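Note that the sequence shown ends on residue 148 in full-length UniProt numbering; no numbers are left out. Okay, structure first, notes after.
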Amino acid sequence: MSSSLPSRDDAIQAVEGEFMQMVSRFRRLIARRAEQLSPGLLPGAYKVFTTILQSGPLTASALVDQLMLDKSQLSRTITDLEKRGLIERTPDPNDRRSHLLSATEKGRAGHAAFHTTPETRTLRAKLDDWDIDDIHRLATLLHALNAD
């Protein structure tokens, strides 16, 4: 009896194709959001900013570990984000040699404005018709793919 289901390799190739399309779309979105947040902001710096926003306050060392970045490049990025008024450094109460990085009110407000962009509304509109269990399952599967 032959199966009409695609082979495992075909299924994996289909997933890869969908991910390539999604990654391309998200790269464009991140570049636009970086520019909208602060003209001239590079997409890599936007990723550092959003990590600080979502996980902060945190130290530069924690960022290096989380994002797997070069320390010197991260240092320049932190300085740039600070000059743009998007993040701030405060002394780490647990280690006087270190600083905690957190988003400023300007940074938080700028990022919050993205929740009303057409791209965000489109994703939300697509997911509005999904069953909540399917949304959770998608998030769980994506998390599993992103895990080290």
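Ideal placement from N, C-alpha and C gives every residue a C-beta, glycine not left out. From a predicted model like this one, the values you see are computed outputs, not experimental measurements.
Taking the alpha carbon of residue i as the reference point, which residue from the options has its own alpha carbon closest?
| i | options | result |
| --- | --- | --- |
| Thr50 | Pro39, Leu69, Ser61, Ala34 | Ala34 |
| Glu105 | Leu67, Asp131, Leu86, Asn146 | Leu86 |
| Val48 | Leu123, Ala144, Glu82 | Glu82 |
| Thr122 | Arg25, Leu58, Leu141, Ile132 | Arg25 |
| Leu142 | Asp10, Glu16, Ala113 | Glu16 |
Note down, in chain order, each residue of its chain lying with its Cβ closer than 8 Å to the Cβ of residue i, except the 5 sequence neighbours on either side.
| i | result |
| --- | --- |
| Ala60 | Lys71, Leu74, Ser75, Ile78, Ser98, His99, Leu101 |
| Leu53 | Ala103, Gly107, Arg108, His111 |
| Leu127 | Ile135 |
| Pro6 | Ala14 |
| Leu67 | Lys47, Val48, Thr51, Leu74 |
Leaving out the 5 sequence neighbours to the left and right, which residues in its chain are closer than 6 Å to residue i when beta-carbon positions are compared?
| i | result |
| --- | --- |
| Asn94 | none |
| Leu31 | Residue identity check: residue 31 is Ala in the sequence provided, not Leu. Cβ neighbours of Ala31 beyond the five flanking positions: Pro43. |
| Leu138 | none |
| Asp10 | none |
So, at 7 Å on beta carbons, what are the nonlocal neighbours of residue i in its own chain, with the 5 sequence-adjacent residues on each side left out?
| i | result |
| --- | --- |
| Met20 | none |
| Asp80 | Ala45 |
| Val64 | Lys71, Leu74 |
| Met1 | With a pLDDT of only 47 at Met1, under 50, the local geometry of the prediction cannot be trusted, and the value read off the model is given with reservation. Excluding sequence neighbours, Met1 sits near nothing in its chain. |
| Arg8 | none |
Kindly give me the distance between the Cβ atoms of residue i and residue j, rounded to whole angstroms, as I take these residues to be in contact under 8 Å.
| i | j | result |
| --- | --- | --- |
| Ser38 | Arg84 | 5 Å |
**Message:** For the pair the segment 90-102 and the segment 36-44, tell me if three or more CB-CB distances fall below 8 Å.
**Reply:** no
**Asked** At what residue ranges does the UniProt domain "HTH marR-type" (16-147) contain a whole run of the beta strand (DSSP E), taking only runs of 3 or more?
**Response** For the UniProt domain "HTH marR-type" (16-147), whole beta strand (DSSP E) runs of length 3 or above, ordered along the chain, are 87-92, 95-103.
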